[in-house]
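All remarks here apply to the structure that follows.
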């Protein structure tokens, strides 16, 4: 039973390029969350999506960042015109339901390095 | 708003000794509480959760956590630490009826042989 799959595991982009991070949730899960992890800052919530809908994007920067979870295919976190400060580990998690007692299941992350 | 505090950046414990990793939380309603562990270059793994009922919750790998409503705490414990328990531990909270899960900053546990 495959877990949450994220790719690529490592991504290097030059300043100004675009980064696309992909996440396939666990089978049967229709709730996806994206988090960013920086050393000394812990795990910061970015966005919560259900199939075809953004439910909560309160943690997403207003510019350059977007996320989608189409009816078919993986969830995508897109960062346009990357800057050095975007370098971080980005984690995707999925859950069976969006309610309180459903734990999140995490992928192994995508480590983005902006040069 | 909901928040989680993990007051210790790092906890050191000798192998075989009991360990405690502290967590306090703040929510406006009733909390759902979680502990996760992260090994280097990996994602977070779910350890245990508190929903309701018994204040002592048992989870994976011999870990347990104690919910204390009056102190708004949910400390992670293990009676006898193993070197393989060395990792980064995250406490998380979700307010009932709220969908976002908020994580603490993490506590690095170092078990010394």
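Residue numbers (my numbering), protein chains in the order written: chain H, 9 to 123; chain A, 5 to 117.
The beta carbon of each residue, even a glycine, is placed where N, CA and C say it ideally should be.
Quick caveat, the model's predicted, so the values are computed rather than measured.
Query: Chain-ordered residues of the segment 20 to 37 of chain A with a beta carbon less than 9 Å from chain H; Result: 34, 35, 36
Query: Opposing strand residues paired with residue 87 (chain H) [DSSP bridges]; Result: H:27, H:73
Query: Touch test, the segment 95 to 113 of chain H against the segment 31 to 44 of chain H, Cβ-Cβ under 8 Å, three pairs minimum; Result: yes
Query: Beta-carbon proximity of residue 12 (chain A) to residue 87 (chain A), cut-off 7 Å; Result: no
Query: First through last residue of the beta strand (DSSP E) which encompasses residue 95 (chain A); Result: 91 to 99
Query: Residue 15 (chain H): contacting residues in chain A (beta-carbon distance under 9 Å); Result: Chain A residues near residue 15 (chain H): none, gap ~13 Å exceeds 9 Å.
Query: Alpha-carbon spacing of residue 82 (chain H) relative to residue 95 (chain A), whole angstroms; Result: 28 Å
Query: Closer than 7 Å at the beta carbon, the chain A residues around residue 84 (chain H); Result: None at all; the shortest Cβ gap to chain A is about 18 Å.
Query: Any 3 or more C-beta pairs closer than 8 Å across the segment 104 to 116 of chain A and the segment 23 to 30 of chain A; Result: yes
Query: Three-state secondary structure (DSSP) of residue 109 (chain H); Result: coil
Query: Residue-chain proximity (residue 47 (chain A), chain H), Cβ-Cβ < 7 Å; Result: yes
Query: Per DSSP, the bridge partner or partners of residue 44 (chain H); Result: H:52, H:98
Query: Cutoff 7 Å: residue 114 (chain H) Cβ touching any chain A Cβ; Result: yes
Query: Straight-line Cα distance separating residue 15 (chain A) from residue 59 (chain H); Result: 40 Å
Query: Residue 98 (chain H) at chain A interface by Cβ criterion, 7 Å; Result: no
Query: Sufficient close CB pairs (3 or more, under 8 Å) joining the segment 113 to 123 of chain H to the segment 45 to 59 of chain A; Result: yes
Query: Residue 77 (chain H) to residue 119 (chain H) span [Cα, whole Å]; Result: 20 Å
Query: Spatial neighbours of residue 60 (chain A) in its chain, beta-carbon cut-off 7 Å, leaving aside the 5 residues before and after; Result: 68, 70
Query: Residues of the segment 54 to 82 of chain H with Cβ closer than 7 Å to any Cβ of chain A, in chain order; Result: 56, 63, 64
Query: C-alpha gap between residue 21 (chain H) and residue 109 (chain A), whole angstroms; Result: 27 Å
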